[in-house]
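Residue numbers (my numbering): 302 to 390. From the three backbone atoms N, C-alpha and C, an ideal C-beta is built for every residue, glycine too. The block underneath contains the structure these notes are about, expressed in C-alpha coordinates.
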(Lines of atoms letter the chains of each structure in order from A; the text may use other names.)
(Lines give C-alpha, C1' and ligand atoms only; values in the text may rest on other atoms or scores of the structure.)
Protein backbone atom coordinates (compact mmCIF):
# COMPACT_ATOMS: atom_id res chain seq x y z
CA UNK A 302 0.00 0.00 0.00
CA UNK A 303 1.21 3.49 -0.79
CA UNK A 304 0.70 6.35 1.62
CA UNK A 305 1.07 9.89 0.33
CA UNK A 306 2.36 12.97 2.11
CA UNK A 307 0.06 15.96 1.65
CA UNK A 308 1.75 19.32 2.01
CA UNK A 309 0.02 22.70 1.67
CA UNK A 310 0.14 24.14 -1.86
CA UNK A 311 2.26 27.04 -0.65
CA UNK A 312 4.72 24.87 1.33
CA UNK A 313 7.59 25.93 -0.93
CA UNK A 314 7.09 29.53 0.17
CA UNK A 315 8.04 28.74 3.77
CA UNK A 316 9.90 25.41 3.50
CA UNK A 317 13.10 27.06 4.70
CA UNK A 318 11.32 28.13 7.90
CA UNK A 319 10.05 24.62 8.51
CA UNK A 320 13.52 23.16 8.08
CA UNK A 321 14.99 25.77 10.44
CA UNK A 322 12.25 25.19 13.01
CA UNK A 323 12.89 21.44 13.00
CA UNK A 324 9.33 20.15 13.17
CA UNK A 325 6.16 20.13 11.10
CA UNK A 326 2.68 18.58 11.38
CA UNK A 327 1.38 17.18 8.10
CA UNK A 328 -1.32 14.96 6.67
CA UNK A 329 -0.70 11.57 5.12
CA UNK A 330 -3.36 9.99 2.92
CA UNK A 331 -3.85 6.22 2.83
CA UNK A 332 -4.85 4.35 -0.34
CA UNK A 333 -8.43 4.10 0.96
CA UNK A 334 -8.60 7.89 1.34
CA UNK A 335 -8.20 7.98 5.12
CA UNK A 336 -6.12 10.94 6.26
CA UNK A 337 -3.73 10.70 9.19
CA UNK A 338 -2.03 13.59 10.96
CA UNK A 339 1.66 12.96 11.62
CA UNK A 340 4.39 15.09 13.12
CA UNK A 341 7.90 15.25 11.71
CA UNK A 342 10.86 16.23 13.87
CA UNK A 343 14.56 16.47 13.28
CA UNK A 344 16.67 14.84 16.03
CA UNK A 345 18.00 18.11 17.46
CA UNK A 346 14.59 19.74 17.87
CA UNK A 347 13.05 16.55 19.24
CA UNK A 348 15.74 16.25 21.90
CA UNK A 349 15.34 19.91 22.84
CA UNK A 350 11.56 19.67 23.16
CA UNK A 351 11.63 16.38 25.07
CA UNK A 352 14.27 17.61 27.50
CA UNK A 353 12.35 20.85 28.09
CA UNK A 354 9.09 19.00 28.73
CA UNK A 355 10.72 16.50 31.09
CA UNK A 356 12.51 19.28 32.98
CA UNK A 357 9.13 20.94 33.47
CA UNK A 358 7.69 17.71 34.86
CA UNK A 359 5.55 16.93 31.83
CA UNK A 360 5.24 13.63 30.01
CA UNK A 361 5.87 13.51 26.28
CA UNK A 362 3.13 11.68 24.37
CA UNK A 363 3.61 12.20 20.64
CA UNK A 364 1.34 10.12 18.44
CA UNK A 365 2.48 9.27 14.92
CA UNK A 366 5.91 10.84 15.39
CA UNK A 367 8.36 10.54 12.49
CA UNK A 368 11.98 11.55 13.03
CA UNK A 369 13.86 12.60 9.90
CA UNK A 370 17.37 13.90 9.35
CA UNK A 371 16.04 17.26 8.16
CA UNK A 372 12.45 18.48 7.98
CA UNK A 373 12.23 19.03 4.23
CA UNK A 374 9.58 17.97 1.72
CA UNK A 375 11.94 15.37 0.28
CA UNK A 376 12.94 13.86 3.62
CA UNK A 377 9.33 13.76 4.81
CA UNK A 378 8.05 12.14 1.59
CA UNK A 379 10.80 9.50 1.64
CA UNK A 380 10.07 8.71 5.28
CA UNK A 381 6.36 8.24 4.59
CA UNK A 382 7.14 5.95 1.65
CA UNK A 383 9.26 3.73 3.92
CA UNK A 384 6.86 3.44 6.84
CA UNK A 385 5.24 0.08 7.50
CA UNK A 386 1.47 -0.01 7.17
CA UNK A 387 1.26 -0.86 10.87
CA UNK A 388 2.47 2.67 11.71
CA UNK A 389 -0.97 4.02 10.79
CA UNK A 390 -3.03 1.55 12.82
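Pairwise C-alpha distance: residue j and residue i
{"i": "residue 308", "j": "residue 335", "result": "15 Å"}
{"i": "residue 319", "j": "residue 372", "result": "7 Å"}
{"i": "residue 376", "j": "residue 388", "result": "17 Å"}
{"i": "residue 358", "j": "residue 384", "result": "31 Å"}
{"i": "residue 362", "j": "residue 355", "result": "11 Å"}
{"i": "residue 374", "j": "residue 317", "result": "10 Å"}
{"i": "residue 390", "j": "residue 338", "result": "12 Å"}
{"i": "residue 378", "j": "residue 353", "result": "28 Å"}
{"i": "residue 312", "j": "residue 329", "result": "15 Å"}
{"i": "residue 364", "j": "residue 333", "result": "21 Å"}
Cβ separation of residue i and residue j, assumed to be a contact under 8 Å, to the nearest whole Å
{"i": "residue 306", "j": "residue 327", "result": "6 Å"}
{"i": "residue 381", "j": "residue 304", "result": "5 Å"}
One or two residues paired with residue i in a DSSP bridge
{"i": "residue 367", "result": "341"}
### Message
With three or more beta-carbon pairs closer than 8 Å as the criterion, would you say the region 337-344 touches the region 368-379?
### Response
yes
### Query
How do the region 345-360 and the region 316-336 stand: do at least 3 beta-carbon pairs fall below 8 Å, yes or no?
yes
### Task
Starting from the N-terminal side, write out each stretch of the alpha helix (DSSP H) that is 4 residues or longer and does not extend beyond the region 306-349.
312-322
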